[in-house]
Each structure stands twice: as structure tokens, then as C-alpha cells.
Amino acid sequence: VAKYHPTVAPYVESRVRALESLLLEKRILRPGTVDRVIERYVKDTGPLVGAKAVARAWLNSDYRRLLVEDAAAALAEFGLENQDLLHVKENSAEVHNLVVCTLCSCYPWAVLGLPPVWYKSPPYRSRAVLEPRILLREMGLDIPESKEIRVWDSSAELRYMVLPEPPAGFARLSEDDLAQRITRDALIGVEQVVL
Amino acid sequence: MNGIHDLGGMHGFGEVERESGPPGLERWEAAVIAIDDALARTGIQTIDEFRYAIETMDPQDYLDSTYFEHWLDGDVRNLIEKGVITREELEERERWFAANPGAPDAPATPAPPFQRRKVPPEGYRREVDRQPRFAAGDPVRTRVIAPKGHTRLARYVRGKCGTVFAHHGAHVYPDSNAMGRGEDPQHLYTVRFEAAELWGDDAGPREAVFIDLWEPYLQPFEGR
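Here the protein sequences come in this chain order: A and B.
Add 1322 to the 1-based position in the first sequence for our numbering, that's all there is to it.
Add 442 to the 1-based position in the second sequence for our numbering, that's all there is to it.
Now the structure itself:
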């Protein structure tokens, strides 16, 4: 077991069942809500909305501009509403962007789904702001010193997503095929998209 | 508060261990997400009260437990504190489920009626009459504070000079809202800090941190 992927304490399951049962009884929790959470975050295994938007942005420069300047309007094209606080940060030859939440693991759930365990772990949260280039290299992404690294620490309710640089040859793929290849980790800023 | 949650800039946690594949979600974790949504929707617990409750966890427990255990701990702490449930009824039912793990639900017990709370307006952005004190490009210095209560001014950016990158209108102010003192909306800014300002000679080249800070955290900075 990894050091900062702790195991769950044994009392947790019965405590959650107890809490759920009490809150249902007090009509604070509506029946069926837990199933809907599972439906939304686990059973929907298609490309993330964030990946679909990036695929479209790579193929269409008007859409790319919209995604960077008004992410809410851009994501509405995929049926996602209320994303006024989402900001998309575009990688380029000069700038690499990286997203973190040092205080509590805030994450753009609406576009990236469930956060991975490593994103919420103390090693990532402590080091992303302190030594991002060294951290990225350890995670397999080499950013040359000629390129500026911008770390976005989500301390308010604004949420950040990275628009990665397109890989060579991307234009021969369809939007759907590209969306399949755009990884969550590239949209956080810790890897590059490869075809 | 100067808690264990405020991890930015710490050493000693080692390498990031990246798991492969999509994150799984146990049923109990989905239940915690559902409970948390319900508490926000019904106005029982604001996001700021929730975060503050997590921050007040025992620091050793915080590091030894998973993310959704943090959520559970925060929810339980606030629900008991706010009188929505009692520790006794929770523990009694917990014992029942531990003894009857497969049961669909526990037999209902007469519960005291729950008083509905006033549900706060949607979202976090609010209209205020006050003009923003800063604009993009302004040099600012963050205040030095060490409150026992909740704040989103992370330790590593206290007393530091940066540049306002963007203004986002007024947002609910966590330092007030988490402590039950109302939303007290304040202008919110993204502020850019050069790595050398944060870490001195130990900073990497061409690195900068952008962090979202409320107006009360900031003072004008006239230059060195």
C-alpha cells in the first residue's frame, strides 16, 4: 500500500450507513441519491467533457478562443451548464500550466470527473507550488527551463483546467478519436497527450 | 487556521505515487458525496463550514485517513455541532449496522423534527456596491495573519508581494462564512507570485504561482 494512499478505517462503512439512514429518515437526503452519484461518476465511462472540449478546440480555432475566454459558453455546447467559474489555461511553446489545490484538493469535477488519489495526496499538494519542474520531471514530464511554468492553486471556488498542446499529427484524427486520447492527467497538466 | 491541511511548500512527503486507471468509487464514498450534496442543498452546511470542520481534524488522523474519510469526519462533526443529529443516535445506529451489515436499512427510531435552514442563494458570486480596490496589473502585498478560524490565505503566500492577474467580482468570503458570521462577500482576485518571492534562492527558474485571494488578504504595495 502506498504511503499516502491510506487504507480505510474499519468503522467507516457502518458509520456511513448509519448517517445515510438517519438523514433519509429526517428527509435531508432523498432516496436514490447515492445511486445517481454512482451513475454519474462511475458508470459513465465515455470521454470526459474536458477531453471533448479540448479535442474541439484543437480542430477549431474559434472554439479554442471561446474555451479560453468564456469556458462556460464553450462547455454549454456539450450540455454542461453553470460553469461560470471554470477557467481554461492554454499551454504553448512558452508556457506550461499545472493545476493544484494546496489547501483541500479542489478539482474541476464537472469537466474531469472524480479526482485521482494522487492529486489529493500530500506529496502533490505540497510540492506542486514549491518545485513544479522537479515534480513534473519525476512524474515523467520534462519541461525545459526555457518554458515558464504557471501553477494554479485553486484556493477559491474558481476551477482550473489545462488546454494541452496538441501532439504532432493530431489533425488527421476526428474530434471523437482525439477526445478518446486526451487524458485526465494532461488536463491537470502533469502529462502530454500522445497519439 | 495554521493546520495540517495547508500543505503548500512543505518538504518530506516524498514522491507522488500515481495510480493507474480511473479512480474507483466505493459505495460508502458515493454515499458521502450524496450526503455532502444534500447538506449543501438544504443549507445545513456551507462549503466553508465543511472545509473548516475538516481542518479541525486531528492532524495525525488527517494524514492517516483517505479523502472521503475527511469528508465524513467534517460532515459528522458539523451535523452534531448544529444539532441535526446526536452523537448517541449515530453511534447506536452504527452499532446496529455493524451487527447487521447486509440489512437494507435500520428500523426507524422516532427522530426529533428537523428544522429547515434558510438555504443560501446559488453559487458563490455576489453583487456588492463597493468598488474593487485593485485591478489587473496592480502590485499587492498579502497580509500576515495567523487566525485560529478558517482562512484561504495559505501560509506560503502570507506577507508576500505579487501582481493582480485578474479580478473576479465579489464572492462569498470564507473567513466569515465558515465561522457562522454570514457571507460578507468580498472582491476576489487571482494574484501572481514569482517563485523567487515565495522560495528565495531555492526557487526554480521561470516558475510562478497563481492563487485566488479575497480583498481583505491584500494591501497595496508601492515597491521595494
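Built from N, CA and C at the ideal position, the CB exists for glycine as well.
Quantities reported herein were computed from a predicted structural model and do not represent experimental measurements.
Rounded Cβ spacing between residue i and residue j (contact assumed at less than 8 angstroms)
i	j	result
B:L424	B:F539	For chain B, the structure presents residues 443 to 666; residue 424 of chain B sits outside this window and is missing.
A:A1501	A:A1394	That pair is no contact at about 20 angstroms.
B:L514	A:V1338	6 angstroms
A:L1402	A:A1379	Between A:A1379 and A:L1402 the Cβ distance is about 15 angstroms, and since that is not below 8 angstroms, they are no contact.
B:G646	A:P1445	Their Cβ separation, rounded to whole angstroms, is 17 angstroms, which puts B:G646 and A:P1445 out of contact at 8 angstroms.
B:V606	B:D580	5 angstroms
A:V1359	B:A480	The pair is not a contact, with the Cβ atoms about 11 angstroms apart (cut-off 8 angstroms).
A:V1473	A:K1411	Between A:K1411 and A:V1473 the Cβ distance is about 10 angstroms, and since that is not below 8 angstroms, they are no contact.
B:F635	B:G604	4 angstroms
A:L1370	A:R1506	6 angstroms
A:P1328	B:D644	Wrong, their Cβ atoms sit about 29 angstroms apart, outside the cutoff.
B:A548	B:R535	5 angstroms
B:R600	B:R585	7 angstroms
C-beta contact flag for residue i and residue j at 8 angstroms
i	j	result
B:I587	B:Y504	no
B:V570	B:V633	no
A:I1350	B:F492	no
A:P1486	A:L1517	no
A:H1418	A:G1511	yes
B:A608	B:H629	no
A:A1377	A:E1497	yes
B:D654	A:S1476	yes
B:A637	B:V651	yes
B:V458	B:F510	no
B:R594	B:P616	yes
A:S1443	A:Y1326	yes
B:G624	B:V561	no
A:V1330	B:T508	yes
B:H610	A:L1480	yes
B:A550	A:V1356	no
B:E649	A:I1471	yes
B:P658	B:M443	no
A:L1425	B:A596	yes
B:G525	B:I496	no
Limits of the alpha helix (DSSP H) - the one that residue i falls within
i	result
B:T632	Counting along the chain, B:T632 falls outside any alpha helix (DSSP H), though it belongs to the beta strand (DSSP E) covering Q628 to E636.
A:G1372	V1371 to L1381
A:L1458	P1454 to E1460
B:E491	I489 to E497
A:V1334	V1334 to E1347
A:R1362	Neither: A:R1362 is in no alpha helix (DSSP H) and is coded neither H nor E.
B:Q661	Premise fails: B:Q661 lies in the beta strand (DSSP E), L660 to P662, not in any alpha helix (DSSP H).
A:S1448	P1444 to R1449
A:E1497	E1497 to R1503
A:R1352	Neither: A:R1352 is in no alpha helix (DSSP H) and is coded neither H nor E.
B:A480	R469 to R483
B:D448	Segment: none, B:D448 is in no alpha helix (DSSP H) and carries neither H nor E.
A:A1478	Note, A:A1478: premise wrong, no alpha helix (DSSP H); not H, not E.
B:P616	P616 to N619
A:L1397	A1393 to A1398
A:A1506	Checking the sequence, you will find Arg at residue 1506 of chain A rather than Ala. R1506 to I1510 is the span of the alpha helix (DSSP H), which, as asked, contains A:R1506.
A:A1521	Only positions 1323 to 1517 of chain A appear in this structure, which leaves residue 1521 of chain A out of reach.
A:V1433	W1431 to L1434
Proximity test, residue i beta-carbon vs the ligand SAH heavy atom, cut-off 7 angstroms
i	result
B:G451	Although the ligand SAH was asked about, the structure shown includes no ligands whatsoever.
Start and end residues, beta strand (DSSP E) containing residue i
i	result
B:R558	Where B:R558 is concerned, there is no enclosing beta strand (DSSP E), given that its DSSP letter is neither H nor E.
B:I653	E649 to W656
B:A608	C603 to H613
A:N1419	V1417 to V1422
A:Y1326	Run containing A:Y1326: none; DSSP gives neither H nor E here.
A:P1488	It is not in any beta strand (DSSP E) - A:P1488 carries neither H nor E in the DSSP assignment.
A:V1473	E1470 to D1475
A:V1410	L1408 to E1412
Closer than 8 angstroms at the beta carbon, the chain C residues around residue i
i	result
B:H447	Of the chains in the structure shown, none is chain C; the protein chains are A and B.
Kindly provide the ranges of any alpha helix (DSSP H) runs that are 4 or more residues long and lie completely inside the segment 502-544 of chain B, ordered along the chain. 509-523 and 529-541
So does the segment 1445-1459 of chain A actually touch the segment 445-459 of chain B, counting three or more Cβ pairs closer than 8 angstroms? yes
Does the contact criterion of 3 or more C-beta pairs under 8 angstroms hold for the segment 1459-1473 of chain A versus the segment 466-481 of chain B? The segment 466-481 of chain B and the segment 1459-1473 of chain A do not touch, with fewer than three beta-carbon pairs separated by less than 8 angstroms.
Jot down the residue ranges of each uninterrupted beta strand (DSSP E) in the segment 566-600 of chain B, minimum 3 residues, whole runs only, in chain order. Taking 3 residues as the shortest admissible run, the segment 566-600 of chain B contains the following complete beta strand (DSSP E) segments, listed from N- to C-terminal end: 581-584.
Does the pairing of the segment 476-495 of chain B with the segment 529-537 of chain B give three or more beta-carbon distances under 8 angstroms? no
How do the segment 1333-1349 of chain A and the segment 1404-1411 of chain A stand: do at least 3 beta-carbon pairs fall below 8 angstroms, yes or no? no
Are there three or more Cβ pairs, one per stretch, closer than 8 angstroms when the segment 1434-1442 of chain A is compared with the segment 1378-1386 of chain A? no
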